[in-house]
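One structure is given below, encoded as structure tokens.
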Amino acid sequence: MIGRPLVLRPAGRTFADRPSLALLARADPFLLVATLLLIGYGLVMTYSSSAEGSAADPWGSVARAAVFAAIGLTLMFAVAFLDHSWLGSMAPLVYLVTLALLAVVLLVGETVLGGQRWVAVAGQKLQVSEFAKVLMIVVLARWFADRRDSIGSPLVLAGAAALLAPAVYLVYRQPDLGTSLVFVALFFGMAFMAGARLWQLTALIAGGMASFPVLWSLMRDYQRARLVAFLDPQSDPQGTGWNILQSLIAVGSGQATGKGLTAGTQSPLGYLPIADSDFVFASLAEDLGFLGAMLLFALYLVLLLAALRIAYRSRDAFGSLFAAGVVSMLGFQVVVNVGMAISLMPVTGIPLPFISRGGSSLLSICLALGVLQSIAMRRDPG
Amino acid sequence: MTTSHLRPRRLAFLALSLVAVLVILTVRLYDLQIVRGAYFREQAEQNRVLRLPVMADRGVILDRNRHVLARNIPGFVVSVIPIDVPASREADLVLRLSQLVGREPLAVRSAIQAQRIRNPYEPIRVSLKPVERDIALLLAERRENYPGVRIDPESLRDYTDGVLYAPIVGYIGPISEDEYATRRDTGYLPDDDIGRTGVERVYERYLRGTYGARQIERDATQREIKTLALLPAQPGGNVVLTLDDRLQKLLAAELDRGLAADQFSQAVGIAMNPQNGEILAMVSTPSYNNNLFARGITSAELGALLADDRHPLVNKAIGEIYAPGSTFKLVTGLAALNEGAATRNTVVNVTQNFISVGPYRFFDWRAHGPLDFVGGFANSSDIYFYTLAGGHPVTGQRGVGPEAIAQYGRMLGFGAPTGIDLPGEAAGIMPDPVWKEEVFDESWTIGNTYQEAIGQGFVSVTPLQLLNAYAAVANGGTLYRPHVLRQVLDDRGNVTVTKQPEVIRKIAIAPDNLQLLRESARRVVTIGHASMPNARLPIAGKTGTAEFGPSQGKDSAGRELLGFHNWFVSYVPKADNTDPTAEIAMVIFTFNSSKNLCELCLNPAVAITQRIYEAYLVGDR
Chain A
29 MIGRPLVLRP AGRTFADRPS LALLARADPF LLVATLLLIG YGLVMTYSSS
79 AEGSAADPWG SVARAAVFAA IGLTLMFAVA FLDHSWLGSM APLVYLVTLA
129 LLAVVLLVGE TVLGGQRWVA VAGQKLQVSE FAKVLMIVVL ARWFADRRDS
179 IGSPLVLAGA AALLAPAVYL VYRQPDLGTS LVFVALFFGM AFMAGARLWQ
229 LTALIAGGMA SFPVLWSLMR DYQRARLVAF LDPQSDPQGT GWNILQSLIA
279 VGSGQATGKG LTAGTQSPLG YLPIADSDFV FASLAEDLGF LGAMLLFALY
329 LVLLLAALRI AYRSRDAFGS LFAAGVVSML GFQVVVNVGM AISLMPVTGI
379 PLPFISRGGS SLLSICLALG VLQSIAMRRD PG
Chain B
-11 MTTSHLRPRR LAFLALSLVA VLVILTVRLY DLQIVRGAYF REQAEQNRVL
39 RLPVMADRGV ILDRNRHVLA RNIPGFVVSV IPIDVPASRE ADLVLRLSQL
89 VGREPLAVRS AIQAQRIRNP YEPIRVSLKP VERDIALLLA ERRENYPGVR
139 IDPESLRDYT DGVLYAPIVG YIGPISEDEY ATRRDTGYLP DDDIGRTGVE
189 RVYERYLRGT YGARQIERDA TQREIKTLAL LPAQPGGNVV LTLDDRLQKL
239 LAAELDRGLA ADQFSQAVGI AMNPQNGEIL AMVSTPSYNN NLFARGITSA
289 ELGALLADDR HPLVNKAIGE IYAPGSTFKL VTGLAALNEG AATRNTVVNV
339 TQNFISVGPY RFFDWRAHGP LDFVGGFANS SDIYFYTLAG GHPVTGQRGV
389 GPEAIAQYGR MLGFGAPTGI DLPGEAAGIM PDPVWKEEVF DESWTIGNTY
439 QEAIGQGFVS VTPLQLLNAY AAVANGGTLY RPHVLRQVLD DRGNVTVTKQ
489 PEVIRKIAIA PDNLQLLRES ARRVVTIGHA SMPNARLPIA GKTGTAEFGP
539 SQGKDSAGRE LLGFHNWFVS YVPKADNTDP TAEIAMVIFT FNSSKNLCEL
589 CLNPAVAITQ RIYEAYLVGD R
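Taken in order, these protein sequences are the chains called A and B. Residue numbers for the first sequence follow the numbering used here, beginning at 29 and rising by one. Residue numbers for the second sequence follow the numbering used here, beginning at -11 and rising by one.
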């Protein structure tokens, strides 16, 4: 399905390089520092929202999140020492495994907040769709990397879309509109960076918009309601517009420097829904104000620009496209999650990278960033 | 590094897009947090903090011996905070609530919607009647089915002996939209109760108390988290009335007995202290149950009360006017005496039972023979008082004239409200020739004067006016303003207000003439005109029989209309003399109590009066 085999690995190298200081020294320091600071920021917000909530022991939540962070960092370093080319060569298998996992979730997953998103692995609940995002980046990176010469052909774009479609469908069926949209964002971001013709991308977007009425008819009632509420939050302040309005109140009431950690009132009193996940940014902005939000944006910017630099400097196309995919994913999630909290985007359940509570999201991001460091460490010298 | 696998321009574009998007988010955040931050901070506070009124207990109403007439008992009130009712669920909620609180869905809906406009953050009451504990518990437990619904304990006004005291005590009811508009600044709430009539209305300022306030922190499901600030409520003052429950019940029992025996169809009884204007008892029957109003009267119940032609909602002691009949000879006599048209020795020889003026005959109820003033009054001779008022066509004696009668009538309080501290008082009519000219565009005739002299003309009085005029005579010439307020007590029982007697005016009549009237009134009883067998008290008074209204057909209760009504207005001096010492005066008015004008026909008011005085003042001694 993926087409002709590809040898990415230069002769004489093994997939797993022995950890060495020389290799580590080539890791991207900006990416590393931004990652560590963002993970730390996430732990701080976990503490704050736990203390504001009814949790009897906020430190318990922090400890749990810290364990995930430790696992994530360990995985990140471990993956960094693996040659990412290996990942590229595994793409067909990765693809099949991804679809299989998503299908399994749909069949046996546990229901949380009306969506079947979780499967239990070794006693921990894992949200498969979070990992699926990273895995699909691997698949698309390989697809586009293999077809750099024929990128101008609409068939390449169509093929990528066809690869993605089953995953999008399976995730949407969970139902998880947010992750489906992340897939779509990945697709456009990576196709753009792979050099797809702009008119083809434009045509795809136009086609998507033209089919909006069809999508509307396929949407579930709550999804339509969210869209309507986004367009006019005042239409029913106690109904679907409630979340948006309360989120705006939380954000605005944070003012310049915030009410202070654990001092927010909107989420502990229940006005701000899902304050540790979908609306975590509102909670952050309420506690830490404009300054806290700016600090978060700065860290994201450093992270994303560092990732783009890695994409630019990658020794191979797969690495470049993978990095571009990660940037698309994280950038899209940040924009949508923050945009939702400040009513620039409709409400969709997309976690805010590093900040939203959830081990799966953090672990999958750490894995992706580990691959990025691998790419950075193996860049051509010079 | 020479060549990237990515196109540099697209890479730059992606990088710039990220920056641009973050800038857009930053601008929006700046607007929300810096530019409009204070506004949203306030919104967050409003979410968090709810200011709830703390109701003050309404003061109780007591009789002069602290017997409870109006009190508060616990109940539950259901209210809705409109902001917490999702528009999509309002219709459903209205339907459920209206069934539980027993109101029309439309009324509940409009109450909620009106409050949505006024102040959606404040609760609006939707239960008119206090709800039962079962329903309150149901609502409290199924909170998720009733978004925005609050259950609060509520004091429920309860009137002991509601029917007996309703004409005086009145009732409370929901404040109207207009009243709220004018009173909101003084702390009234849109779903407040307010005294609607009677003492509840007149002394609202004492009874209401001062509401406190409680600022509570609440979560999104309206659960209270904690009280942030509390301004305690000041309970209302307890109003002590001048009424004596024992006398009130004696009076009511006598009137009820007469009603039951079909002696009359409506009745009024008032007792007061002539020395200070205190009303000791006031019964107006048929009455109504004021508890119906306090608990939310149904339109059927209200319709029945309004359709009753005996006017149960009117306090007939002060709100209806009647012809005073012979009781008005007091005014005619005093005018003639004080203006020099008569003395105690003025004799009129009543040789036949009528006098003729031109073609008209004016009747007395018998040919009395020669009568002096005391005899004329005691026997209630009409011709004697025709003569004092308009002169005698045969003997040429001169009368005092209608202007003087009206002048003395007004002096004694007729034709103007007494100013009692109860709402709905009528002024009555105290006519004179000018009045007739204005109202009827006709000139006054001698016939008018004669009819006026015996209280059968245009003159119309409230029972209270009549009583008050006699009280002024009984106390030696002071017209007091009748009142029902005695004291106001605070919640610890300290007297905060004491009602002082209020003098309307001193009566400009010579003391001798007043004394002559007291002598004459006592003679009414002693000669047996107002027959009081085995009398144990020196009761003085005057009977009256008045003809007015239809004498055919039936009233709402199915009783024949008779067209004649009886009065007995009286007082009891301390000893059997003419000194102005009476500390109790009473008027009994019985409606539709006889079929014809006949002074010797049974006047039920006389016997009723005797029994009440003796039971009240003597008892079983």
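Backbone N, C-alpha and C fix where the C-beta goes; we use that ideal spot for every residue, glycine too.
Rounded separation between residue i and residue j - CA only
i, j, result
"residue 583 of chain B", "residue 535 of chain B", "9 Å"
"residue 312 of chain B", "residue 474 of chain B", "29 Å"
"residue 188 of chain B", "residue 176 of chain B", "16 Å"
"residue 532 of chain B", "residue 454 of chain B", "11 Å"
"residue 214 of chain B", "residue 133 of chain B", "24 Å"
"residue 614 of chain B", "residue 526 of chain B", "Because chain B is modelled from -11 through 609, residue 614 of chain B falls outside the range shown and cannot be assessed."
"residue 314 of chain A", "residue 106 of chain A", "37 Å"
"residue 503 of chain B", "residue 198 of chain B", "50 Å"
"residue 167 of chain B", "residue 272 of chain B", "29 Å"
"residue 393 of chain B", "residue 345 of chain B", "20 Å"
"residue 81 of chain B", "residue 596 of chain B", "57 Å"
"residue 311 of chain A", "residue 300 of chain A", "8 Å"
"residue 299 of chain B", "residue 292 of chain B", "10 Å"
"residue 36 of chain A", "residue 220 of chain A", "Low local confidence applies: a pLDDT of 49 at residue 36 of chain A is under 50, so the model's placement there is unreliable, and no value is given."
"residue 490 of chain B", "residue 467 of chain B", "9 Å"
"residue 325 of chain B", "residue 400 of chain B", "15 Å"
"residue 120 of chain B", "residue 113 of chain B", "15 Å"
"residue 90 of chain B", "residue 43 of chain B", "24 Å"
"residue 221 of chain B", "residue 124 of chain B", "24 Å"
"residue 610 of chain B", "residue 512 of chain B", "The requested residue 610 of chain B does not occur in the structure, where chain B is confined to residues -11 to 609."
"residue 69 of chain A", "residue 316 of chain A", "11 Å"
"residue 50 of chain B", "residue 530 of chain B", "32 Å"
Exposure label - residue i; buried when at least 16 CB within 10 Å
i, result
"residue 62 of chain B", "exposed"
"residue 87 of chain A", "exposed"
"residue 304 of chain B", "buried"
"residue 408 of chain A", "exposed"
"residue 12 of chain B", "exposed"
"residue 1 of chain B", "exposed"
"residue 429 of chain B", "exposed"
"residue 136 of chain A", "exposed"
"residue 403 of chain A", "buried"
"residue 520 of chain B", "buried"
"residue 103 of chain B", "buried"
"residue 375 of chain B", "buried"
"residue 616 of chain B", "Since the first residue of chain B shown is -11 and the last is 609, residue 616 of chain B is not available in this structure."
"residue 168 of chain A", "buried"
Assumed close pair residue i, residue j - CB separation to whole angstroms, cut-off 8 Å
i, j, result
"residue 228 of chain B", "residue 39 of chain B", "At roughly 34 Å, the Cβ-Cβ gap does not stay under 8 Å, so residue 228 of chain B and residue 39 of chain B are not in contact."
"residue 207 of chain A", "residue 275 of chain A", "That pair is no contact at about 21 Å."
"residue 153 of chain B", "residue 279 of chain B", "Residue 153 of chain B to residue 279 of chain B, Cβ: 11 Å. No contact."
"residue 69 of chain B", "residue 18 of chain B", "Between residue 18 of chain B and residue 69 of chain B the Cβ distance is about 34 Å, and since that is not below 8 Å, they are no contact."
"residue 384 of chain B", "residue 403 of chain B", "Not quite, the Cβ-Cβ distance comes to about 31 Å (not below 8 Å), so this is no contact."
"residue 195 of chain A", "residue 124 of chain A", "Rounded, the Cβ-Cβ distance is 11 Å, inconsistent with contact."
"residue 508 of chain B", "residue 362 of chain B", "5 Å"
One or two residues paired with residue i in a DSSP bridge
i, result
"residue 62 of chain B", "B/143"
"residue 271 of chain B", "B/257"
"residue 214 of chain B", "B/205"
"residue 467 of chain B", "B/493"
"residue 552 of chain B", "B/535, B/582"
"residue 473 of chain B", "B/229"
"residue 574 of chain B", "B/259, B/558"
"residue 529 of chain B", "B/558"
"residue 181 of chain B", "B/162"
"residue 351 of chain B", "B/342"
"residue 357 of chain B", "B/338"
- Run through the region 86 to 173 of chain B for me and flag every whole beta strand (DSSP E) of 3 or more residues, listed as ranges in chain order. 137 to 147, 159 to 162
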